[in-house]
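Student:
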Amino acid sequence: MFFETLLIIILIIIISIVIMYNGLVRSRNAVKNSWSGIDVWLKRREDLIPNLVRTVKGYAKHEKKLLEEITRLRIAMLNSQKDIKRTAAADDMLNKTLKSLFAIAENYPKLRANENFLELQKELSNTENEIAATRRIYNNNVRDYNTSIDSFPQNIISRLFGFEKVDFFNATANERKQVKISIDDLS
Amino acid sequence: MYWALYGIQDEKQIFEEMTKLEEDWKKITSKKNVRHRQKMMLIFNLCFFFGLIFGIIFTISYSIVLPINQNDINLAPAITSFIIMAIGLVGRAFTRSYYHSKFRDVLKLLLAKENNWLYLPKPNVPQQQVLQKELPELFKRGNTNNKYVDDQFFGEVQTGKDKTSFHFGNFYYEIESGSGDNKHTRSYYKNFLAFKSSRKLNARFLVSPERIGNKIRNILTKKDVDLESIEFNKEFTFSYKDKQNKLLIPRIFTPTLQLSFLEIEKKQKDFQSLITDDAIIFMFDGFLLSHLKTDILKENKINEEDNVQLKNKIDELIVIIKEITKRFD
Chain D
2 MFFETLLIII
12 LIIIISIVIM
22 YNGLVRSRNA
32 VKNSWSGIDV
42 WLKRREDLIP
52 NLVRTVKGYA
62 KHEKKLLEEI
72 TRLRIAMLNS
82 QKDIKRTAAA
92 DDMLNKTLKS
102 LFAIAENYPK
112 LRANENFLEL
122 QKELSNTENE
132 IAATRRIYNN
142 NVRDYNTSID
152 SFPQNIISRL
162 FGFEKVDFFN
172 ATANERKQVK
182 ISIDDLS
Chain Z
82 MYWALYGIQD
92 EKQIFEEMTK
102 LEEDWKKITS
112 KKNVRHRQKM
122 MLIFNLCFFF
132 GLIFGIIFTI
142 SYSIVLPINQ
152 NDINLAPAIT
162 SFIIMAIGLV
172 GRAFTRSYYH
182 SKFRDVLKLL
192 LAKENNWLYL
202 PKPNVPQQQV
212 LQKELPELFK
222 RGNTNNKYVD
232 DQFFGEVQTG
242 KDKTSFHFGN
252 FYYEIESGSG
262 DNKHTRSYYK
272 NFLAFKSSRK
282 LNARFLVSPE
292 RIGNKIRNIL
302 TKKDVDLESI
312 EFNKEFTFSY
322 KDKQNKLLIP
332 RIFTPTLQLS
342 FLEIEKKQKD
352 FQSLITDDAI
362 IFMFDGFLLS
372 HLKTDILKEN
382 KINEEDNVQL
392 KNKIDELIVI
402 IKEITKRFD
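Protein chains in written order, with the numbering used here: chain D, 2 to 188; chain Z, 82 to 410.
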């Protein structure tokens, strides 16, 4: 009787470990999946930027400084793809600069009338919305994953199998400063 | 020309219904009837008021001149004042609820007329049968013959530069369980809101709340679709027939759309959506037009808040429609 009970207990423990391990793997995969989602939309925006810069350059020659800033931020984004915090910082800055560009475009009626520019503006605003949504989804997934890593008894499994916490996709002032320094170095 | 899911059953009938309702409304709001209603309300208010005054006087007089012997207290005046008060209160509530229920359809008619929509209040069994045949994913429910659609609206809403046709209403059905003396019937009211798609979508899939049975079935049949959001995957499941639709889902359900669905699901219980070739249909629990602010006994027109509330609900879903159709560009 004792042996059977022990066997049942061991079996329950093994099944629980398997379920918990699979749950953690699923959460980690969801985080990776949502990160690749961010990556796809960021790349899409990066592809649109050279076209936008070219179009604006033709109409707003006086905005050279702003256009250069956008180009540098784009390169900074490309260089920081593997670092979540730096990517988030670069994304924040690029987003802000693009908004300034669209605000400035209001002063150039010919540019505003350009169909290519309007199409790019629409496309970029759509991409920005998707980036914002993926960012929220990624952060929610990270929160879920990090919470399950910290909670008992999953924390034992996570330590045993080397599950590590993941960074949220948001930047601190310090990270933004670092990106600023790196883009200044590019000029 | 108005649009409806699988055609309007009888447009002429709708106009007749609307005219009849309007005539009833005119009759009820005629000076003679309004005066009669006001007189009734005044009588009930006076009953309540006098009952209250009488009760107060009785209580004061008894507390000042306390009887020596407790048995000497005569409760008749107290009971009388209570009865008078109750007659006033019950009468008032009954009159109000009678007129409110009578005006409920009129109120919706006014709402429809204000927006240039069509309104069909009556339960429509044949239309439910058509919907059940064409859209079983949403309308094949209930196990009794008592099912119908009612309170239907047909119209258009402005979406940017274009107009989008819609059709919405309530779907009523019943589920019977047990047998003999233990037979129980539960009634269900679902709201459906269908929008005509601006282009042919060549798709058909259902997004419905996740239930453990769905999940297991999808995993076994390899039909499970996991999107970026864990929360979305936990809350919703997809049902579709062919592989082409499976490939379409991740393309259509972008992160923005996933978040929009989650947002609405928090407000509308049992929120589901069916994407078909030429329409996108939403279904959720309850009534779309509930908790209306318009007091038809006091004002003769729709309270702007009700109009705004309904339009906001429609707009919320229009955002989803736009997102979905955008992916077919």
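Just so you know, even glycine gets a beta-carbon here, dropped at the ideal spot from N, CA and C.
Starting from Z:T337, find everything on chain D with Cβ-Cβ shorter than 7 Å and list it in chain order.
Tutor: Near Z:T337 (Cβ distances below 7 Å), the residues of chain D are N130, E131 and A134.
Student: Please list, in chain order, the residues of the segment 30 to 63 of chain D that have any C-beta partner in chain A closer than 7 Å.
Tutor: Included in the structure are the protein chains D and Z, with no chain A among them.
Student: Is it the case that the Cβ atoms of Z:L208 and Z:K221 are separated by a distance below 7 Å?
Tutor: It is worth fixing the name first, because residue 208 of chain Z is Gln in this sequence and not Leu. Result no, Cβ atoms of Z:Q208 and Z:K221 do not sit closer than 7 Å.
Student: Following the continuous beta strand (DSSP E) through Z:N272, name the residue where it begins and the one where it ends.
Tutor: Its beta strand (DSSP E) spans residues H265 to K277.
Student: Would you be able to state if there are at least three C-beta pairs under 8 Å between the segment 263 to 283 of chain Z and the segment 299 to 317 of chain Z?
Tutor: No, because fewer than three Cβ pairs between the segment 299 to 317 of chain Z and the segment 263 to 283 of chain Z fall closer than 8 Å, the two stretches do not touch.
Student: Along the chain, where does the alpha helix (DSSP H) that runs through Z:E237 open and close?
Tutor: Taken as a continuous stretch (DSSP letters only), Z:E237 belongs to no alpha helix (DSSP H), being part of the beta strand (DSSP E) at Y229 to T240.
Student: What number of angstroms, rounded off, separates the C-alpha of Z:Y83 from the C-alpha of Z:D359?
Tutor: Approximately 15 Å, taken between the alpha carbons.
Student: Do we get a CB-CB distance below 7 Å when we pair Z:E404 with the residues of chain D?
Tutor: Not an interface residue.
Student: Taking three-plus beta-carbon pairs below 8 Å as touching, is the segment 274 to 288 of chain Z in contact with the segment 229 to 245 of chain Z?
Tutor: Yes, since at least three Cβ pairs between the segment 274 to 288 of chain Z and the segment 229 to 245 of chain Z fall closer than 8 Å, the two stretches touch.
Student: Using the Cβ count rule (16 or more neighbours within 10 Å means buried), how would you classify Z:V288?
Tutor: Z:V288 is buried by the Cβ-count criterion.
Student: Short of 7 Å in beta carbon distance, which residues of its chain neighbour Z:W31, apart from the five on each side in sequence? Order them along the chain.
Tutor: Outside the shown range of chain Z, which is 82 to 410, sits residue 31 of chain Z, and nothing can be said about it.
Student: Is D:A91 near D:A77, with beta carbons less than 7 Å apart?
Tutor: Yes; because the gap between Cβ atoms is below 7 Å, this pair is in contact.
Student: Is D:N142 close to chain Z? Criterion is C-beta to C-beta, closer than 7 Å.
Tutor: Yes - at least one Cβ of chain Z is within 7 Å of the one on D:N142.
Student: Determine, using beta carbons only, whether D:T128 and D:R46 come nearer to each other than 7 Å.
Tutor: Cβ atoms of D:T128 and D:R46: closer than 7 Å.
Student: Would you grab the beta carbon distance between Z:R285 and Z:I362 for me? Rounded to a whole angstrom, and I think it's under 8 Å.
Tutor: Not quite, the Cβ-Cβ distance comes to about 11 Å (not below 8 Å), so this is no contact.
Student: Does the pairing of the segment 49 to 62 of chain D with the segment 131 to 146 of chain D give three or more beta-carbon distances under 8 Å?
Tutor: In short, these stretches do not touch, since the Cβ pair count stays below three.
Student: Going by beta carbon distance, what residues of the same chain come within less than 6 Å of Z:L88, once the five residues before and after it are set aside?
Tutor: Residue identity check: residue 88 of chain Z is Gly in the sequence provided, not Leu. Nothing listed; no residue qualifies.
Student: Tell me, to the nearest whole angstrom, how far the beta carbon of D:F170 is from that of D:N140; I am working on the premise that it is less than 8 Å.
Tutor: Contact holds; Cβ gap of about 6 Å.
Student: Just to check my reading of the structure: D:N142 and D:A31 have Cβ atoms closer than 8 Å, yes? What is that Cβ distance to the nearest angstrom?
Tutor: Yes, D:N142 and D:A31 are in contact; Cβ-Cβ is about 5 Å, under 8 Å.
Student: Could you have a look at Z:L287 and say whether DSSP puts it in helix, strand or coil?
Tutor: Residue state, collapsed to three classes: strand.
Student: Go to D:K83, then tell me how far its beta strand (DSSP E) extends in each direction, as first and last residue.
Tutor: Per DSSP, D:K83 belongs to no beta strand (DSSP E) and is neither H nor E.
Student: Taking 7 Å as the cut-off, decide whether the C-beta atoms of Z:S258 and Z:H248 are in contact.
Tutor: Taking 7 Å as the Cβ cut-off, Z:S258 and Z:H248 do not qualify as a contacting pair.
Student: According to DSSP, is Z:Q94 part of a helix, a strand, or is it coil?
Tutor: Correct three-state label for Z:Q94: helix.
Student: Start and end of the beta strand (DSSP E) containing Z:E255?
Tutor: Residues D243 to S258.
Student: In the DSSP assignment, find the alpha helix (DSSP H) that holds D:A133 and state where it starts and stops.
Tutor: Its alpha helix (DSSP H) spans residues E116 to D151.
Student: So with Cβ pairs under 7 Å, would you call D:D93 a contact of chain Z?
Tutor: Chain Z, which has no Cβ nearer than 7 Å to the Cβ of D:D93, makes this no.
Student: Considering only residues of the segment 161 to 236 of chain Z, which uninterrupted alpha helix (DSSP H) runs meet the minimum length of 4 residues and lie entirely inside it, listed in chain order?
Tutor: Listed in chain order, they are 206 to 215 and 217 to 220.
Student: Of the choices Z:A193, Z:I134 and Z:N393, whose alpha-carbon is the least far from that of Z:M166?
Tutor: It is Z:I134.
Student: If contact means a Cβ-Cβ distance below 7 Å, which residues of the segment 136 to 169 of chain D contact chain Z?
Tutor: If the cut-off is 7 Å between Cβ atoms, the segment 136 to 169 of chain D has R137, I138, N141, N142 and D145 near chain Z.
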